[in-house]
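Engineer: Protein chains in written order, with the numbering used here: chain X, 595 to 728; chain G, 1192 to 1306. Think of the CB as a built atom: it goes at the ideal place given N, C-alpha and C, for glycine as much as any other residue. In this text the structure is predicted, and so the values were computed from the model without any measurement. Attaching a single structure in structure tokens format; questions to follow.
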Ligand SMILES: Nc1ncnc2c1ncn2[C@@H]1O[C@H](COP(=O)(O)OP(=O)(O)OP(=O)(O)O)[C@@H](O)[C@H]1O
Ligand SMILES: [Mg+2]
């Protein structure tokens, strides 16, 4: 279980990097590690940018990886709309750092074999992802 | 071709040497991090105007071979420190992203999508 703080752009990416190292250590296939790293980074950044705080839980064997990202934050009112490439509510100062293309959720969908998002407005969001050998 | 071999012909300025002897497997130009996440592949060289430390996080998660910050932009101090810690080759250029990418293309470096 790893903690993520909303607005912490200096520490951002640290959890994804730790998860990548753990997967490498247990001998997960490089192709799965790559997809899991990309999707976890996007989910981690969504917590940093859009939420207040969050946690990431990892459950992994060399052939199957489960990652759950849970946050406290504003939640997502319309998930279908949020999933659309290009849709973003990121403010200007965050866009200046290169975020806010509205490609994070589509990247997660493309990388994960299974993506499940549950969100309650005003409470927070839970993202479950599964990666396995195809 | 390695980054070390393109430094002189492109007139790149060294910021962090890192593992500059790795083979350049391709190139990608973008200032949008999740665009890079979607399209740059392992061993690619990334050309960008971004100077923020999140670039280093992206580059190391994707195992990119290096980053060139263009347009005369200087990387933030945190970016340099993080690149050093990750052994990530980091260079700057006064040239634009267009010109650097064009020169690299002439030298045989290609992007992810080929016609
Ligand atoms: N954890 C979250 N909490 C609240 N809102 C979220 C969360 N994740 C995504 N969203 C909403 O969904 C939108 C789309 O997310 P997505 O990751 O695709 O794009 P982005 O984060 O805005 O930009 P990018 O990921 O390209 O930098 C966000 O702009 C935001 O409105
Ligand atoms: Mg995002």
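Whose beta carbon lies closer than 5 Å to any heavy atom of ligand 2, going through the chain in order?
Structural biologist: Qualifying residues come out as X:640, X:698.
Engineer: Buried or exposed: residue 715 of chain X, going by 16 or more other Cβ atoms within 10 Å of its Cβ?
Structural biologist: That one is exposed.
Engineer: If you follow the beta strand (DSSP E) that residue 647 of chain X is in, where does it begin and where does it stop?
Structural biologist: It spans 647–654 - the beta strand (DSSP E) in which residue 647 of chain X sits, taken as one unbroken run.
Engineer: Check whether the Cβ of residue 1267 of chain G lies closer than 8 Å to any Cβ atom in chain X.
Structural biologist: By this cut-off, residue 1267 of chain G is not an interface position.
Engineer: If residue 1222 of chain G sits next to residue 1241 of chain G, beta carbons under 8 Å apart, how far is it from one beta carbon to the other, in whole angstroms?
Structural biologist: Confirmed, Cβ separation roughly 5 Å.
Engineer: Mind checking the region 1208–1225 of chain G against chain X and listing, in chain order, the residues whose C-beta falls within less than 9 Å of any C-beta there?
Structural biologist: Listed in sequence order: 1221, 1222, 1223, 1224, 1225.
Engineer: Is there at least one non-hydrogen atom of ligand 1 closer than 7 Å to the beta-carbon of residue 693 of chain X?
Structural biologist: For ligand 1, at least one heavy atom lies less than 7 Å from the Cβ of residue 693 of chain X.
Engineer: Does ligand 1 have a heavy atom nearer than 7 Å to the CB of residue 722 of chain X?
Structural biologist: No, the beta carbon of residue 722 of chain X sits no closer than 7 Å to any heavy atom of ligand 1.
Engineer: Flag residue 1243 of chain G as yes when its Cβ comes closer than 7 Å to any non-hydrogen atom of ligand 1, and as no otherwise.
Structural biologist: For ligand 1, not one heavy atom lies less than 7 Å from the Cβ of residue 1243 of chain G.
Engineer: On the premise that residue 1203 of chain G lies in contact with residue 1282 of chain G, defined as a C-beta separation below 8 Å, what is that separation, rounded to the nearest angstrom?
Structural biologist: Sure, about 4 Å apart at Cβ, within 8 Å.
Engineer: Which of the residues in the region 652–686 of chain X, read from start to end, lie with their CB under 7 Å from any CB of chain G?
Structural biologist: The residues in question: there are none.
Engineer: So residue 1217 of chain G and residue 1302 of chain G are in contact, right, with Cβ under 8 Å, and what is the actual spacing, rounded?
Structural biologist: That pair is a contact at about 6 Å.
Engineer: Does ligand 1 have a heavy atom nearer than 7 Å to the CB of residue 643 of chain X?
Structural biologist: Yes, ligand 1 has a heavy atom inside 7 Å of this Cβ.
Engineer: Got a sec? Which residues, its chain only, sit under 7 Å from residue 643 of chain X by beta carbon, not counting five neighbours each side?
Structural biologist: The answer, listed in chain order, is 684, 688, 693.
Engineer: For the beta strand (DSSP E) containing residue 708 of chain X, name the first residue and the last one.
Structural biologist: Where residue 708 of chain X is concerned, the enclosing beta strand (DSSP E) stretches over 708–714.
Engineer: Per DSSP, what kind of secondary structure is residue 1257 of chain G in: helix, strand or coil?
Structural biologist: Strand.
Engineer: Which whole runs of the beta strand (DSSP E) in the region 1192–1237 of chain G are 3 residues long or more, in chain order?
Structural biologist: If we require 3 residues or more, the beta strand (DSSP E) runs fully inside the region 1192–1237 of chain G come out as 1204–1207, 1217–1220.
Engineer: From the DSSP output, in three-state form, read off residue 723 of chain X for me.
Structural biologist: Note: residue 723 of chain X maps to strand in three-state DSSP.
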